[in-house]
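What follows is a short report on a single structure.
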Amino acid sequence: MNRCSLILLPVFFLGACSLTPAPTPNPTLNNLGHSALNDAANRTSTSSNIADLRAQQAEQLFAEVRRLCGTTKEGQTPESCLVPTADAQPSTDPANTPQRAAEQILATVGDIPAESMPLIARIHTQLAVLGAHPSITDSAPGNGGEPARKLLEWENSVVYGLHVALAYAGSATPDIESAIERHEARVEALRASIPNAPAAAPAYSLRDYPQPKDAASVKVLLTALESDTVSQWNIAASQSADAAWRAYGLSVSAESARIAAEMLTAQGKDPLQAEFAQ
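As structure tokens, this is what we get:
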């Protein structure tokens, strides 16, 4: 072998190897997916609806894992991103599944890729509909940015609409008074967290909502306002890169989701089919 061959041989072998690392599944989404899979495996006569939802959520989470991994030149998911799903271990205490799953999301929400946040927000909302109780701090994080300002405007408009509805509430008066207290607390929390927070406008338009005229229509209006509030807070949480703000936004959204779910159920509707839960 001549000197030229000795020099070229290592170059040949280097060229035959790929130095591009194989993609790996996002660990946070992967863990959330396996938790959902374990919950789905714990099916009892009283928790079949929860198990069905967790199975669906597991599929969505693993699909997101594969999407983030991308595909090979052949259009296939890389082997390194093929998540095993056949080894599910049924979780314990199925009745507490929604609460436990929601808490896992809030504990890891800072590690969720920004582009995956809408999915996580939707899953968290569905868990709230099934009974997860959010724990909301009295103060909002101070780094909400423009999304927090938009939320302040939204919450001010909700408070205005609720005060209008109060005059027609009749037997729904306790529900409206409770809602006013809840949304005014959010306004105060947001105002305290926003430098130079703007004052509320003198009035807001309700033309896109059912007009209140009696107790029944007031409840329909309240349901619509709470449903849209879920979406508004989920959007703000998804737009934030801050873990504390994401968790706060999802928690407030979940509070409204629970209330909207109760009202929809009373109206004979399935809250999981509501737009805010899709």
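Those letters in the sequence shown? Residues -22 to -1, 1 to 256, by mature numbering (1 follows the signal peptide of the UniProt record, and there is no 0). Think of the CB as a built atom: it goes at the ideal place given N, C-alpha and C, for glycine as much as any other residue. In this text, all values refer to a predicted model and were calculated from it rather than measured experimentally.
- In this structure, the CA atom of residue 153 is about 35 Å from the CA atom of residue 18.
- Taken through DSSP and simplified to helix, strand or coil, residue 184 comes out as coil.
- Each of 109, 218, 156 was checked against the Cα of residue 125, and the nearest Cα belongs to 218.
- Scanning 184, 166, 185, 183 for the CA closest to the CA of residue 176 turns up 166.
- Between residue 2 and residue 228, the alpha-carbon positions lie close to 27 Å from each other.
- Taking residue 210 as reference, the option from 45, 100, 21 with the minimal CA-CA separation is 100.
- For residue 220 and residue 80, the gap between their C-alpha atoms comes out near 18 Å.
- Here DSSP, grouped into helix, strand and coil, assigns residue 111 to coil.
- Distance from residue 9 to residue 69 at the Cβ level is roughly 13 Å; contact not present, criterion being Cβ atoms closer than 8 Å.
- Note that the C-beta distance between residue 43 and residue 88 is not below 8 Å.
- For residue 45 and residue 240, the gap between their C-alpha atoms comes out near 35 Å.
- In the three-state scheme derived from DSSP, where H, G and I count as helix and E and B as strand, residue 197 is classed as helix.
- If the five residues before and after residue 222 are omitted, its C-beta is found closer than 7 Å to the C-beta atoms of 119, all from its own chain and listed in chain order.
- Using a 10 angstroms sphere on the CB of residue 102, the tally of other CB atoms reaches 16 or more, which defines it as buried.
- Straight through space, the alpha carbons of residue 26 and residue 78 are spaced by roughly 17 Å.
- Taking the Cα positions, residue 61 is about 17 Å away from residue 94.
- Taking the CA atoms as reference points, residue 151 sits about 31 Å from residue 215.
- For residue 218, there is no enclosing alpha helix (DSSP H), as DSSP marks it with neither H nor E.
- Exclusion of the five residues before and after residue 136 leaves 161, 203, 207 as the residues of its chain whose Cβ lies within less than 7 Å of its Cβ.
- Taking C-beta atoms under 8 Å as the contact rule, residue 127 and residue 172 qualify, at a distance of about 6 Å.
- With respect to residue 55, residue 49 sits close: the two C-beta atoms are nearer than 8 Å.
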